[in-house]
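Number of protein chains: 2
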Amino acid sequence: MHTTVSSATKTVTIGPDQPFCIIGERINPTGRKIFQEQLRAGDMSAVEKDVLDQVAMGATMLDVNMGAPLVDEAELLAKAVTMIQELTDLPLCIDSSVVEALEAGLDAYKGKALVNSITAEDERMELILPLVKRHGAAIIALPNDEFEIPEEPERRLELTKYIVEQATGKYGIPIEDIVIDPLAMPIGADSQMVVRTLKTIELIRDTFDLNMTLGASNVSFGMPDRHALNSVFIPMAMKAGLTSAIMDARTEKIVTAVRAADLMMGNDEWGATWIALHRAKEAAKA
Amino acid sequence: MHTTVSSATKTVTIGPDQPFCIIGERINPTGRKIFQEQLRAGDMSAVEKDVLDQVAMGATMLDVNMGAPLVDEAELLAKAVTMIQELTDLPLCIDSSVVEALEAGLDAYKGKALVNSITAEDERMELILPLVKRHGAAIIALPNDEFEIPEEPERRLELTKYIVEQATGKYGIPIEDIVIDPLAMPIGADSQMVVRTLKTIELIRDTFDLNMTLGASNVSFGMPDRHALNSVFIPMAMKAGLTSAIMDARTEKIVTAVRAADLMMGNDEWGATWIALHRAKEAAKA
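As given, the protein sequences belong to chains A and B, one line each in that order. If you count by the numbering used here, then the first sequence holds residues 2 to 287, one letter each, in order. If you count by the numbering used here, then the second sequence holds residues 2 to 287, one letter each, in order.
Here's what the structure looks like:
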């Protein structure tokens, strides 16, 4: 299945026959104290740097999250969206747990955004999906509900089915505009955590052929040599059927691993992108 | 399924619930002119270095191939096997296209070797499998015959079925001692090459639950930045069901990727091996 998103001037297609959709995770104040302070002071200079860094490394889209304590998140998200769209033509993923912020971000956005996110909770779908529908956006959906983040892949598949039924049937969202987040959690907490995520990805691919994205950096949380883990996890998830990730788009090792995996998946004909990437690196060295 | 191989004092288990079996590819004169000249002059010093390098990097087994022009391969393979078994307790993979060399190598070997290789060709099975049976060895089998190296995964599965029937039925080889090589060829020749290999691996896993190995470095032949490609291909193949590879065991990036993939596959409980590997690297730096 193909999901398209766009900025004012550029369309990106997400799908199993496309190069992997790298959604840069960086524009997010979570865990970044200095950035949080800057945002409270109205200083958006870090956002500009984050945009340019991620664009330079070849991100396909950028996630934008402005959730920090003591800020007007809605106002800030609208401001960030406007500013980022002046800096780059990459489509954006508008990311907030606050409905008013999503609305402000969508109002400011030019194009077809990806919205992050809903869950299988009726209340959250009821608040967010009409907004998504009105803006003609695409939506990331997590297969958890108010009771649990299920461990079992089969239960995650059931919740995915519920989301798809509700979003398409009740809210009129086209099925191709639903992108499932199969839930990636730290491997350090449980050795079977990634096995379950990979199994969930395969089940959703085989059952619904939906596009999927996830927060890839979560997997290595708390472990040493995180870049090495992330750059192996994403290709394995791509093999299972993952078509996108909200991920570290600033670390060459990880981005290179994704482009290598594109080649392995048959999505880089004659290795044209791979060879061009290599030449660009050689040129940068010289 | 579990395949066991052993040296005089050490047993290795290959299987989907085990850490990946890294078979060091280095002891092979193919494409190494200086090594070929040394072998012709009776100089085995390079073998010693290759053994120690691969052991130091954490190889699980070592492949031994002595096929060079103008050498007595049988004599040389027996000599190499004896010498290597004095240097390391890792089990060996005895690798030759010459039946007499395999026989000499097996005669010299102490333990249960892995023999590389047979195909679905009746003549080759008839020459080699009685030898494998007599020595109680395990065997690598390639699903190609005298007519073709099939492109289609389904045809490779058919040839695998034929090999399994012949080897178990006619020659009395236990099924767990058959390790299939699903055939990995250069991605540069055809963008769908790895897709076919990965599909073959999944089919063989799902149909027979057999262990599999392949020459992993082939995949990146002719492409730039081969280490980056190899270190992504192997984890993707592990996700598909590959349990071993004859591979570059001297490049840290590639070996690290395999151990990261072990962790992702749930075969490194609590990340104990991963964390120990990290600490060893930190200690080596300090």
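The beta-carbon is built from N, C-alpha and C at its ideal position, and this holds for glycine as well. Bear in mind the structure is a predicted one, so any value in this text is a computation, not a measurement.
Exposed or buried, what is residue 108 of chain B when buried is set at 16 or more other beta-carbons lying within 10 Å of its beta-carbon?
Mapped onto the second sequence, residue 108 of chain B falls at position 107. Classification for residue 108 of chain B: exposed.
Please classify residue 72 of chain B: does DSSP put it in a helix, a strand, or coil?
Counting from 1 along the second sequence, the entry for residue 72 of chain B is found at position 71. Assigned with DSSP and collapsed to three states, residue 72 of chain B falls in coil, not helix or strand.
Going by CA-CA distance only, name the one from B/39, B/93, B/177 that's closest to residue 70 of chain B.
Locating residue 70 of chain B in the second sequence gives position 69, counting from the first residue. The candidate whose alpha carbon is nearest that of residue 70 of chain B is B/39.
Cα-Cα, which of A/152, A/18, A/98, A/112 is closest to residue 141 of chain A?
Here residue 141 of chain A refers to the residue found at position 140 of the first sequence. Per the Cα distances, A/98.
Can you grab the Cα-Cα spacing for the pair residue 211 of chain A / residue 28 of chain B, in whole Å?
In the first sequence, residue 211 of chain A corresponds to position 210, counting from 1. In the second sequence, residue 28 of chain B corresponds to position 27, counting from 1. Rounded to the nearest angstrom, the two C-alpha atoms are 46 angstroms apart.
Beta carbon of residue 180 of chain A nearer than 8 angstroms to that of residue 214 of chain A:
Looking up residue 180 of chain A in the first sequence gives position 179. Looking up residue 214 of chain A in the first sequence gives position 213. Yes. Within cutoff.
Measure how close the beta-carbons of residue 161 of chain B and residue 209 of chain B come, nearest whole angstrom, since I'm counting them as under 8 angstroms.
Locating residue 161 of chain B in the second sequence gives position 160, where the first residue counts as 1. Locating residue 209 of chain B in the second sequence gives position 208, where the first residue counts as 1. With 8 angstroms as the limit, residue 161 of chain B and residue 209 of chain B qualify as a contact, their Cβ atoms being about 7 angstroms apart.
Using a C-beta to C-beta distance shorter than 9 angstroms, which residues of chain B count as neighbours of residue 195 of chain A?
On the first sequence, position 194 is the one that residue 195 of chain A refers to. In chain order: 264, 265, 266, 267.
Can you list, in chain order, the residues of its chain whose CB lies under 7 angstroms from that of residue 112 of chain A, leaving out five sequence neighbours each side?
Looking up residue 112 of chain A in the first sequence gives position 111. Excluding sequence positions up to five before and after residue 112 of chain A, its CB lies within less than 7 angstroms of the CB of 7, 8, 9, 92, all in the same chain and listed in chain order.
Could you pull out every residue in the same chain whose Cβ sits closer than 8 angstroms to the Cβ of residue 271 of chain B, ignoring the five residues on either side in sequence?
Here residue 271 of chain B corresponds to residue number 270 of the second sequence, with the count starting at 1. So the list is empty, once near-sequence residues are dropped.
So that I know if they touch, is there some Cβ in chain B lying closer than 8 angstroms to that of residue 215 of chain A?
In the first sequence, the residue the question calls residue 215 of chain A occupies position 214. No, its Cβ sits nowhere closer than 8 angstroms to a Cβ of chain B.
Mind checking who residue 96 of chain A pairs with in its DSSP beta bridge?
Translated into positions along the first sequence, residue 96 of chain A becomes position 95. In DSSP, residue 96 of chain A forms a bridge with A/66, A/117.
Residue 34 of chain A to residue 41 of chain A span [Cα, whole Å]:
Numbered from 1 along the first sequence, position 33 holds the residue referred to as residue 34 of chain A. Numbered from 1 along the first sequence, position 40 holds the residue referred to as residue 41 of chain A. In a straight line, the C-alpha of residue 34 of chain A is about 11 angstroms away from that of residue 41 of chain A.
What does residue 279 of chain B touch in chain A if you count any residue whose Cβ is under 8 angstroms from its own?
Translated into positions along the second sequence, residue 279 of chain B becomes position 278. Going along chain A in sequence order, the residues near residue 279 of chain B (Cβ under 8 angstroms) are 225, 226.
Alpha-carbon spacing of residue 206 of chain A relative to residue 240 of chain A, whole angstroms
The residue you call residue 206 of chain A lines up with position 205 of the first sequence. The residue you call residue 240 of chain A lines up with position 239 of the first sequence. Spanning the two alpha carbons is a distance of roughly 11 angstroms.
Cβ-Cβ distance between residue 101 of chain A and residue 75 of chain A below 8 angstroms
Counting from 1 along the first sequence, the entry for residue 101 of chain A is found at position 100. Counting from 1 along the first sequence, the entry for residue 75 of chain A is found at position 74. Result yes, Cβ atoms of residue 101 of chain A and residue 75 of chain A sit closer than 8 angstroms.
Can you find a C-beta in chain A that's less than 8 angstroms from the C-beta of residue 222 of chain B?
Reading the second sequence from its first residue, position 221 is the one you call residue 222 of chain B. Not one chain A Cβ lies under 8 angstroms of residue 222 of chain B.
Using the C-alpha atoms, what's the distance from residue 123 of chain B back to residue 24 of chain A?
Looking up residue 24 of chain A in the first sequence gives position 23. Looking up residue 123 of chain B in the second sequence gives position 122. Rounded to whole angstroms, the separation of the alpha carbons of residue 123 of chain B and residue 24 of chain A is 52 angstroms.
Cutoff 8 angstroms: residue 109 of chain A Cβ touching any chain B Cβ:
Counting from 1 along the first sequence, the entry for residue 109 of chain A is found at position 108. Any Cβ of chain B closer than 8 angstroms to the Cβ of residue 109 of chain A would place that residue at the interface, and such an atom is absent.
Quick one: using the 10 Å Cβ neighbour count with 16 as the cut-off for buried, is residue 46 of chain A buried or exposed?
Counted from its first residue, the first sequence places residue 46 of chain A at position 45. Answer is exposed; the Cβ neighbour count stays below 16.
Short-range partners of chain B found in the segment 119–132 of chain A, where Cβ spacing is below 9 angstroms
none
How far does the alpha helix (DSSP H) with residue 373 of chain B in it extend, from its first residue to its last?
As shown, chain B starts at 2 and ends at 287. That puts residue 373 of chain B outside it, with no answer to give.
So, with DSSP's three-state summary, where would you put residue 211 of chain A?
For the purposes of this step, residue 211 of chain A is taken as the residue at position 210 of the first sequence. It is coil, neither helix nor strand.
Using a Cβ-Cβ cut-off of less than 8 angstroms, give me the residues of the segment 233–244 of chain A that come near chain B, in sequence order.
233, 234, 236, 237, 239, 240, 241
Just reading off the alpha helix (DSSP H) that residue 274 of chain A is part of, what are its end residues?
Numbered from its first residue, the first sequence carries residue 274 of chain A at position 273. 273–286 is the span of the alpha helix (DSSP H), which, as asked, contains residue 274 of chain A.
Using beta carbons (cut-off 8 angstroms, strictly below), is residue 160 of chain A in contact with chain B?
Residue mapping note: residue 160 of chain A aligns to position 159 of the first sequence, counting from 1. Not closer than 8 angstroms to any Cβ of chain B, the Cβ of residue 160 of chain A fails to qualify, so no.
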